[in-house]
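Everything on this sheet refers to the single structure shown next.
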Amino acid sequence: MATVALVVALWAFQPWKLFTRSTVDEALPAAPVVAQVGTPPPAQPKALAEGRFVSQEHETGGTARVLELPGGERVLRLEGFSTSDGPDVHVWLSQATAGGEWGKYDDGKVVKLGKIKATDGNQNYPIPPDADLAGLRSVVIWCDRFNVAFGSAALDL
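Residue 1 is where the sequence shown starts when you use full-length UniProt numbering, and the numbers rise one by one after that.
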């Protein structure tokens, strides 16, 4: 019986993830390059909001930027990003303010952007075209398994 309890506890908590790291370095999304002479350079992404991460349940740092690409698509870009690994960690946009009590982020409107790609580095998360960003106030690194925020960054959308 103790063995079963140990296996269940190890599966749920995955303590080895506290010691694992992964890195990704995605390029900044940009318009395709046109190779015609005399053509103006392609438009660059437009910043809609930007904020710095603050740590909550785990040490988290870097910058979050919501960008609008020249074609109208929106993307969340994490730059110089770093956090802890964990089970079931996701990236959300939330209506809750950044910082403070870490359990509040799943209480209101959220836009779920997917599982975290890596614990470190520059990464891009497409924002669904039908997502209403009005009133969203933070980016949250959220652990679904334990309902806690690893860190958050304030945004003004």
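All residues carry an ideal CB built from backbone N, CA and C; glycine is no exception. Please read all numbers here as calculations on a predicted model, not as lab measurements.
Can you name the start and end residues of the beta strand (DSSP E) that residue i belongs to?
i, result
"Gly-135", "Neither: Gly-135 is in no beta strand (DSSP E) and is coded neither H nor E."
"Ile-127", "120 to 127"
"Thr-23", "23 to 25"
"Ala-30", "Careful: Ala-30 lies outside any beta strand (DSSP E) and carries neither H nor E."
"Glu-57", "From DSSP, Glu-57 is part of no beta strand (DSSP E); its letter is neither H nor E."
"Glu-79", "74 to 82"
"Lys-109", "Note, Lys-109: premise wrong, no beta strand (DSSP E); not H, not E."
Secondary structure at residue i, three-state DSSP: helix, strand or coil?
i, result
"Lys-104", "helix"
"Leu-67", "strand"
"Phe-146", "coil"
"Leu-157", "coil"
"Gly-99", "coil"
"Ile-116", "coil"
"Ala-43", "coil"
"Gly-86", "coil"
Residue i and residue j: beta carbons closer than 8 Å?
i, j, result
"Arg-145", "Asp-85", "no"
"Leu-93", "Leu-76", "yes"
"Leu-30", "Pro-42", "The sequence given here places Ala at residue 30; Leu does not occur at that position. In this structure, Pro-42 lies closer than 8 Å to Ala-30 by Cβ."
"Gly-80", "Gly-99", "no"
"Thr-83", "Ile-141", "yes"
"Gly-103", "Val-148", "yes"
Assuming residue i and residue j form a contact by the criterion Cβ under 8 Å, report the distance between their Cβ atoms to the nearest whole angstrom.
i, j, result
"Leu-113", "Tyr-105", "Contact flag wrong, Cβ pair sits at about 13 Å."
"Gly-151", "Gln-56", "5 Å"
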